[in-house]
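Numbering (full-length UniProt numbering), first residue to last: 1 to 530.
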């Protein structure tokens, strides 16, 4: 044995502490996964980090007899040790174990369905009938169907791009953009839309949730309560404090139950709104004629603004990588399998909610859909007197609960980004008191913006245009940059067509939304929420 050790360049004293069995040098060479490597190269290239201790049972069956079973076991062990860095894909960054999105990796298909439903259905769906007023029946249904299929394909691309061939996991949209387009260009293209979507959505949720709280109180206490009602700003504060208290849950996986409740309430109030609107009948003055435009340019911009509203209805693409990052992944069981399973179920439910809401809502109200609140305001305005008070209260309560749950998942990337700055600077986890302070500070900032800029709800078309590249264009372009499909192949043509079309459509939608704002105008009132 000493003679054998000396042949590979080690002293007997050095070798004995870790030498488990006595294997002839010829056998070591034969059992290596790489047949052209010598024993000395195996020793020299051995990793410096400690390996996982071997099982005592394995050491007992490893006898010096060169049996076929032994050679197979040694070969498999050597191969697994050599490619071990690719078999378990746990972290995509050294600090991910300390960040709220990726510190827990025990997600599954159910969690992905809960998060996707909670982030994919919300107040923006209530504005879909407003898009039909400009597009009409036929083009409205066609555009809604095409954008739904387009964004679902883009979502599939993002799920496939989450894990690279080298084993890196991109658990944040921004990091995938930087990997595809370069660090500076990736930040320039994706950072502002991502933060705008997360922060802007949270601000809008405060307006929706706080305003609906006020309506809920008015319905419940219309005749019986003698207390002084709160002002709109005070209701915004009540909602913000509730959201900040709920945001103290530590990570994305910990809010899976919150997302489940949010998904159930979203499906419930969307269904209740369109069912009640159809059952109660249409108002007498309903009309389906397109609104009269002063010029062809105004007509085109109105159509583009409608496309922006439809695009904004399918939100949540800036969160899909974060949701997938909460799942365990390995080369044998990649996270894209349960993620896609959960997403397929979630988007089946989303389609079953959004299509009846858009078509039924347009049938019920036509051109009478309010520009700000959409279906919810229309329900209160036209059917508040002939609908059960209990039903109206339940609908309002579901809207508030869904807004609270959606706030958590949309705020999580902001929390993650703030904590990443701290961890990168100090190289240690964020203490609990600082994490709580960051989340409370963000809630206060969102509350301040909702009070200062209460007209943001009227900018749905503009928001949709800004978010549209994240939803429809960037995934296709990133697929080309990372996967590099063969030129002039079907995949190459398809993704270039979708990517370029998405960017052009985004620019046109933004132009159309700005034109509508300039020509038609909006009620701009600072620090006066109504």
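Glycine is no exception: its CB is placed at the ideal position from the N, C-alpha and C atoms.
Sequence-distant residues of the same chain with beta carbon closer than 6 Å to residue i, five excluded per side
i: residue 449; result: 203
i: residue 513; result: 305, 308, 461, 462, 465
i: residue 210; result: 235, 236, 239
i: residue 303; result: 134
i: residue 416; result: 99, 100, 101
i: residue 423; result: 95, 98
i: residue 511; result: none
i: residue 122; result: 406
i: residue 328; result: 105
i: residue 180; result: 478, 481, 482
i: residue 382; result: 283
8 Å contact criterion, which residue i and residue j should meet: CB distance rounded
i: residue 259; j: residue 409; result: 6 Å
i: residue 375; j: residue 129; result: 6 Å
i: residue 174; j: residue 419; result: So it is not a contact: roughly 14 Å between Cβ atoms.
i: residue 581; j: residue 266; result: Here the chain covers residues 1 to 530 and nothing more, so residue 581 does not appear.
i: residue 413; j: residue 322; result: 6 Å
i: residue 411; j: residue 198; result: 7 Å
i: residue 346; j: residue 186; result: Wrong, their Cβ atoms sit about 27 Å apart, outside the cutoff.
i: residue 269; j: residue 398; result: 4 Å
i: residue 313; j: residue 354; result: 6 Å
i: residue 115; j: residue 336; result: The pair is not a contact, with the Cβ atoms about 15 Å apart (cut-off 8 Å).
Test: residue i CB closer than 8 Å to a CB of chain C
i: residue 369; result: The displayed structure is made up of one protein chain only, and chain C is not part of it.
Nearest to residue i (by Cα), restricted to the options the options
i: residue 470; options: 286, 393, 516, 177; result: 177
i: residue 468; options: 288, 343, 148; result: 148
i: residue 453; options: 167, 197, 530; result: 530
i: residue 158; options: 249, 343, 251, 422; result: 343
i: residue 338; options: 104, 110, 102, 103; result: 110
i: residue 272; options: 360, 256, 162; result: 360
i: residue 289; options: 330, 245, 365, 325; result: 365
i: residue 282; options: 413, 362, 323; result: 362
i: residue 522; options: 384, 107, 370, 500; result: 370
i: residue 166; options: 495, 482, 333, 140; result: 482
i: residue 105; options: 182, 266, 256; result: 256
i: residue 495; options: 136, 251, 243, 155; result: 155
i: residue 299; options: 515, 524, 525; result: 515
i: residue 407; options: 160, 164, 248; result: 248
i: residue 531; options: 506, 358, 430; result: Residue numbering for the chain in the displayed model covers 1 to 530; residue 531 lies beyond these limits and cannot be assessed.
i: residue 446; options: 201, 473, 190, 389; result: 201
i: residue 293; options: 287, 472, 301; result: 301
i: residue 433; options: 212, 161, 250; result: 250
i: residue 262; options: 492, 403, 455, 436; result: 403
i: residue 189; options: 285, 517, 477, 161; result: 477
i: residue 473; options: 333, 442, 507; result: 507
i: residue 141; options: 436, 377, 356; result: 356
i: residue 291; options: 224, 241, 243, 367; result: 367
Residue i burial status per 10 Å Cβ neighbour count (16 or more: buried)
i: residue 317; result: buried
i: residue 169; result: buried
i: residue 610; result: Examination of residue 610 is not possible in this model, given that the chain is present from 1 through 530 alone.
i: residue 427; result: exposed
i: residue 228; result: exposed
i: residue 311; result: buried
i: residue 504; result: exposed
i: residue 528; result: exposed
i: residue 439; result: buried
i: residue 107; result: buried
i: residue 380; result: buried
i: residue 183; result: exposed
i: residue 525; result: exposed
i: residue 384; result: exposed
i: residue 475; result: buried
i: residue 486; result: exposed
i: residue 388; result: exposed
i: residue 421; result: exposed
i: residue 425; result: exposed
i: residue 334; result: buried
Residues near residue i in its chain [Cβ-Cβ closer than 8 Å; skip 5 each side]
i: residue 393; result: 216, 219, 220
Own chain residues within Cβ distance below 7 Å of residue i, not counting five before or after
i: residue 196; result: 466
i: residue 351; result: 148
i: residue 143; result: 135, 307, 310
i: residue 457; result: 204, 207, 372
i: residue 153; result: none
Note down, one range per segment and in chain order, each alpha helix (DSSP H) of at least 4 residues found wholly within the region 349-387. 375-383
What ranges does the alpha helix (DSSP H) occupy inside the region 391-461, keeping only unbroken runs of at least 4 residues that lie completely in it? Counting whole runs of 4 or more residues, the region 391-461 contains the alpha helix (DSSP H) stretches 432-452.
Could you pull out every unbroken alpha helix (DSSP H) segment of at least 4 residues lying fully inside the region 108-194, listed in chain order? 109-120, 128-161, 173-181
What runs of the alpha helix (DSSP H), each 4 residues or longer, lie entirely inside the region 207-276? Qualifying alpha helix (DSSP H) stretches, in chain order: 232-246.
Enumerated in chain order, which unbroken segments of the alpha helix (DSSP H) with a length of 4 residues or greater are wholly contained in the region 289-315? 296-313
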